[in-house]
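*Asks:* Going by the UniProt record's numbering, 79 is the number at position 79 of the sequence shown; the sequence numbering is gapless. In this text, a Cβ means the ideal position worked out from N, Cα and C, and glycines have one as well. Okay, here's the structure, questions in a sec.
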Amino acid sequence: MKLVIAAVLTFVAVLLSLNFLPRNEAPHQEVANKVELLRQSTSEAGPATQIAGRSDSSPVPPPPPTKKADNKEADKSGLRWETLRGLDYKTGKADKTVKKFLKTTVRIPGFVVPLDLYAKEAKEFLLVPTYGACIHTPPPPANQMILVKMKQGLAPRREAGPVWVTGQLELFKTETQWGKAGYRIRADMTEPYKGGY
Numbered sequence: 001m002k003l004v005i006a007a008v009l010t011f012v013a014v015l016l017s018l019n020f021l022p023r024n025e026a027p028h029q030e031v032a033n034k035v036e037l038l039r040q041s042t043s044e045a046g047p048a049t050q051i052a053g054r055s056d057s058s059p060v061p062p063p064p065p066t067k068k069a070d071n072k073e074a075d076k077s078g079l080r081w082e083t084l085r086g087l088d089y090k091t092g093k094a095d096k097t098v099k100k101f102l103k104t105t106v107r108i109p110g111f112v113v114p115l116d117l118y119a120k121e122a123k124e125f126l127l128v129p130t131y132g133a134c135i136h137t138p139p140p141p142a143n144q145m146i147l148v149k150m151k152q153g154l155a156p157r158r159e160a161g162p163v164w165v166t167g168q169l170e171l172f173k174t175e176t177q178w179g180k181a182g183y184r185i186r187a188d189m190t191e192p193y194k195g196g197y
């Protein structure tokens with residue numbers, strides 16, 4: 001027993017000499033002050049959360065807001081994502097507003113959802129109105145997804161942000177691994193979207 005007590009005392013002495021344990025009250029007070037400052041700063045940011053069954057004193061930041069491709073920058077064709085809702089994706093019938101854009105060259109902003117995740121260039125991809133649609137969230141309805149087929153040699157680099165797609169719009173039912181699309185654009189070009197959010 002004396003040997004165990006001697007070993008513990010030696011261990012504590014070593015820890016004290018290496019500054020692993022506080023020697024007096026002052027370092028305790030310094031630590032307490034830092035903890036109080038941390039507590040005040042996190043209480044202003046919001047309540048602490050529990051992750052994986054343990055308490056975390058720092059709040060988890062909220063997820064980034066869902067971004068929508070902005071149509072406020074006037075596109076030349078006048079096509080908007082709201083207009084595309086005029087397709088009844090169950091029956092395949094389009095209203096007169098949608099019909100006026102069919103077989104015409106349109107320009108619409110959106111986010112690229114690649115069909116081949118490993119390709120360096122996306123010759124065929126889905127265009128959706130919101131960031132992360134299909135991959136991170138449930139897919140939008142078919143009337144809010146456009147299958148884009150690029151003309152040869154015009155494949156865009158894989159874009160993380162929104163893009164403008166210009167090409168001929170047509171009704172086209174297709175099913176992909178990311179969901180159903182109700183439209184197809186044979187794209188003449190894509191360009192990075194420059195506009196406000």
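With a CB to CB cut of under 7 Å and the five nearest residues on each side skipped, what residues in its chain are close to C134?
*Replies:* Contacts found: V113, L126, V128, W178, G179.
*Asks:* Would you report the Cα separation of K149 and T137, rounded to the nearest angstrom?
*Replies:* For K149 and T137, the distance between alpha carbons rounds to 23 Å.
*Asks:* Please determine, among I5, M189, I108, the residue with the shortest C-alpha to C-alpha distance to A122.
*Replies:* Comparing Cα-Cα distances from A122 to each of I5, M189, I108, the minimum goes to M189.
*Asks:* What number of angstroms, rounded off, separates the C-alpha of Y89 from the C-alpha of L117?
*Replies:* About 26 Å.
*Asks:* Anyone know if the C-beta pair for T174 and R186 falls short of 9 Å?
*Replies:* For T174 and R186, no; Cβs fall outside 9 Å.
*Asks:* Can you tell me which of the three DSSP states K96 falls into?
*Replies:* Residue state, collapsed to three classes: helix.
*Asks:* At what residues does the alpha helix (DSSP H) containing L147 begin and finish?
*Replies:* Careful: L147 lies outside any alpha helix (DSSP H), inside the beta strand (DSSP E) at 146 to 150.
*Asks:* Pick out whichever of L9, P162, Q168, E191 has its Cα sitting closest to the Cα of V98.
*Replies:* Considering only alpha carbons, the answer is Q168.
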